[in-house]
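Enquirer: Please see the structure below; I have some questions.
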Amino acid sequence: MGNETSSATQENDISSFRKEKLLHEFHTFFDFNKSGYLDWKDFDLCRQIKMWTNLALNAATSKKSKIKDRNRPPPAAGLTHNIPDWLDDYIEYRFSLYDRTRDGIIDIEEFEYVLSDFGVPAKDARTAFIIFSKNQEKVVDLEYFKELSFEYFQSDEPSDLGNFITGRLNFLD
């Protein structure tokens with residue numbers, strides 16, 4: 001009896017590695033004023049660095065006026081966890097943010113350029129792209145980017161390719 005643990009607690013526990021990735025995501029792509037929490041100033045700063053402009057452009061070109069629930073395809077092969085609709089929308093948004101030319105493919109120059117707006121050094125962005133694109137042999141289209149993103153949000157293995165989609169090369173520092 002005294003050794004019982006709640007399965008909900010065990011399911012909600014995340015590794016320190018995954019926690020570090022999520023904190024990086026928060027501090028790099030959301031908490032622009034570095035206050036430690038999201039507030040209106042973050043959204044205002046976000047708009048100033050073109051993030052919302054890109055989102056509006058994507059919504060206009062796809063005729064979407066709002067994000068809504070929709071039926072999702074099953075997760076990519078090898079991934080057993082479903083993701084919430086909002087996260088799938090966020091992943092699609094991130095893809096459109098990186099795909100500046102709107103050709104359906106993220107290339108190394110686009111990746112480097114966009115991440116520079118978020119303070120990621122060009123050398124790190126290029127190295128990360130080379131890693132997850134398998135030395136630029138793998139085309140980074142939406143389908144592959146989703147696979148990488150699912151891996152990023154679910155993986156506890158530092159060497160998984162998805163862990164490089166933010167341009168950060170090491171989460172173990």
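All residue numbers for the sequence shown refer to the UniProt record's numbering, where the first residue is 1 and numbers rise by one.
We treat Cβ as the ideally placed atom computed from N, Cα and C, and that holds for glycine.
Does the beta-carbon distance from E112 to T101 come in below 8 angstroms?
Expert: no
Enquirer: Threshold first: 4 residues or longer. Then list the alpha helix (DSSP H) segments lying entirely within the stretch 118-147, N to C.
Expert: 122-132
Enquirer: Work out the CA separation of K34 and E25 for me, nearest whole Å.
Expert: 12 angstroms
Enquirer: Kindly indicate which residue of D13, D89, A125 has the alpha-carbon position closest to the one of R168.
Expert: A125
Enquirer: Grab me the residues of Y98's own chain with a C-beta within less than 7 angstroms of its C-beta, minus the 5 sequence neighbours each way, in chain order.
Expert: I106, E110, F111, V114
Enquirer: May I ask you to report which of helix, strand or coil DSSP gives K64?
Expert: Model confidence at K64 stands at a pLDDT of 47, short of 50, so the residue's coordinates are unreliable and nothing is read from them.
Enquirer: Excluding sequence positions up to five away, which residues of its chain have a Cβ less than 7 angstroms from the Cβ of P158?
Expert: F17, F171, L172
Enquirer: Count the other C-beta atoms from every protein chain shown that fall within 10 angstroms of the C-beta of E151, then say buried if there are 16 or more, exposed otherwise.
Expert: With 16 or more Cβ atoms within 10 Å of its Cβ, E151 is classed as buried.
Enquirer: Which value, in whole angstroms, describes the spacing of the CA atoms of L79 and A122?
Expert: Note that L79 scores 47 on pLDDT, short of 50, meaning its location in the model is unreliable; the coordinates nonetheless yield the value given after this. Answer to the nearest angstrom: the Cα atoms are 31 angstroms apart.
Enquirer: For L161, report the span of its alpha helix (DSSP H) as first-last.
Expert: Taken as a continuous stretch (DSSP letters only), L161 belongs to no alpha helix (DSSP H), as it is neither H nor E.
Enquirer: What do you get for G104, buried or exposed, if any count of 16 or more other CB atoms within 10 angstroms of its CB means buried?
Expert: It counts as exposed.
Enquirer: Less than 8 angstroms between the CB atoms is what I'm expecting for F129 and L161, so what's the real figure, rounded?
Expert: The pair is not a contact, with the Cβ atoms about 11 angstroms apart (cut-off 8 angstroms).
Enquirer: Is it buried or exposed for L87, if we count other Cβ within 10 angstroms and need 16 for buried?
Expert: exposed
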